[in-house]
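Heads up, the sequence shown stops at 1115 in the numbering used here, and the numbers go up one at a time, no gaps.
Here a beta-carbon is modelled for each residue, glycine too, at the ideal position from N, C-alpha and C.
Only a predicted model underlies this, so the values are computations on that prediction, with no experimental measurement involved.
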Amino acid sequence: MDNIFTLNKYDDEDDEKHINIDDLYEKKRERDMAQLKLFSKMLNRVHSRIQTTSRQRNADKICWFVVPEVMLGVPAYDQGSCIAYIMDKLKQDGFRIQYFHPNTLMITWHHWVPNYVIDEIKTKTGRVYDNQGNDLTPTPDIDYTTNQKYNIGQQAPPSSSSAMTNVVYKSGEGVFQRSRRQPSSSSIAKRENDKKYTPIDKYKPSGSMVYDETFLFDMNKMRK
């Protein structure tokens, strides 16, 4: 503590100096990194619990995990932040999490549609689903982005001469998607020009008629 006898020790420090505020957070940064490393170890425990549960026979695709309040040999940590960290990481992986106060997590993956099931459905029915079970099958309208992503239907924009339209056909066995080429304007114009029509007043029959002139003359006499 400075007193009247020690104030003169600053007399020689005439140079202007600055302090870096980031240096004041150095200790906090070290503590935060240690906490994050501890959270990662706890997440690895959760992963091990999930994998063990999934290997059990007739598993319900659900497991429970209790986040401990203290751990032997480990300094005190923020349990609430650890729970939030675990929930965020598991949700990024596609799990569904339910939190029960004060420290219990219910983890389920029952909603997940595996890739091999998606591929089989696509092969059998032509419909496309994501891992969440959402139907991504494109409509009959042209959907190049979805078609290119899932390798179905029309995958490139049509040329100026003709267009391709994706049409969905439904039958008793499933839904199938085919591409139908639209005729170009030039082909339609040529087809219209090829059609020739003869006016009625200029029509002249050719060949033998069903009723000849003699029969028609006799019919006129009978009417009189």
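Can you tell me whether residue i is helix, strand or coil according to DSSP?
i, result
"arginine 920", "helix"
"arginine 1018", "coil"
"methionine 997", "strand"
"aspartate 1026", "strand"
"glutamate 1064", "At glutamate 1064, the pLDDT of 49 sits below 50, so the modelled position is not reliable; the number obtained from the coordinates is stated separately. Here glutamate 1064 sits in coil by DSSP."
Spell out the partners DSSP gives residue i in its beta bridges.
i, result
"phenylalanine 986", "Looking at the DSSP assignment, phenylalanine 986 forms no beta bridge with any residue, so it has no partner."
So residue i packs on residue j, CB below 8 Å; how close in whole Å?
i, j, result
"arginine 940", "cysteine 954", "6 Å"
key: alpha helix (DSSP H) runs wholly inside the region 927 to 956, at least 4 long, in chain order   = none
message = Does the region 1007 to 1022 come into contact with the region 960 to 976, if we say contact requires no fewer than three beta-carbon pairs (one atom in each stretch) closer than 8 Å?
response = no
ask   = Given 8 Å as the limit, is there contact between the region 921 to 935 and the region 973 to 993, that is, 3 or more CB pairs closer than that?
value = yes
inquiry  = With three or more C-beta pairs closer than 8 Å as the rule, is the region 941 to 957 touching the region 912 to 925?
reply    = no
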